[in-house]
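Following: one structure in structure tokens, then a few remarks.
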Amino acid sequence: ELAINNLEKSVPYKTTKTKDSDRKDRSELISKDLDKKDSRDDRVGRNQDKKESDIKVIQPKNKNPRYISKKLKYHIWQRDDGQCTKCGSRQHLHIDHVKPVALGGEANTENLRLLCQPCNQRQAIRIFGLN
1 ELAINNLEKS VPYKTTKTKD SDRKDRSELI SKDLDKKDSR DDRVGRNQDK KESDIKVIQP
61 KNKNPRYISK KLKYHIWQRD DGQCTKCGSR QHLHIDHVKP VALGGEANTE NLRLLCQPCN
121 QRQAIRIFGL N
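Numbering-wise (the numbering used here), the sequence shown opens with residue 1 and increments by one.
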């Protein structure tokens, strides 16, 4: 108890008088926050137990087929190990649509990959020609 008293003297803090109803409200908020944390921890634990085949394809919420969310970009980056899937370069990387949007391709994990700028350019020329 002596250590706690010394700690209280060394740590600056401000005391205020509160009503019992304020204490109850704070206690309910803390309880709700703890419940949220527990449920979040449960979800994380369940997700770690999933097999790769159980993981759903991440689809964008935005209807624009060219839109790629930050979450999806991060997933593609992680999956492709931060390097071009053609040559292994780690410089000037782009997220590329395997099947171009102009040909009906979508922005989902199955249709996106990392390509460096030269590989991306070669791919575009191969598909669409020089014009």
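The beta-carbon is built from N, C-alpha and C at its ideal position, and this holds for glycine as well.
query: Can you tell me whether Cys119 is helix, strand or coil according to DSSP?; result: helix
query: Contact check, Pro100 vs Ile127 under 8 Å by CB: the rounded distance?; result: 6 Å
query: Can you tell me which of Gly129, Gly105, Asp81 puts its alpha carbon nearest to the alpha carbon of Cys116?; result: Asp81
query: Is the distance from the Cβ of Asp97 to the Cβ of Gly105 below 7 Å?; result: Note on identity: in this sequence residue 97 is His, with Asp being the wrong assignment. Yes.
query: How would you call Cys87, buried or exposed, if buried means at least 16 neighbouring beta carbons within 10 angstroms?; result: exposed
query: Residues bridged to Asp96 by DSSP?; result: Arg113
query: Of the residues Leu130, Arg79, Leu114, which one's Cα is nearest the Cα of His94?; result: Leu114
query: Exposed or buried, Ala107, counting other C-beta atoms within 10 Å across all chains shown (16 or more means buried)?; result: buried
query: Using a Cβ-Cβ cut-off of 6 Å (strictly less than) and excluding sequence neighbours within five positions of Asn111, which residues of its own chain qualify?; result: His97, Val98, Lys99, Gly105
query: Have a look at Arg79 and Arg90 and give me their C-alpha separation to the nearest angstrom.; result: 14 Å
query: What's the C-alpha gap between Asn64 and Lys70?; result: 14 Å
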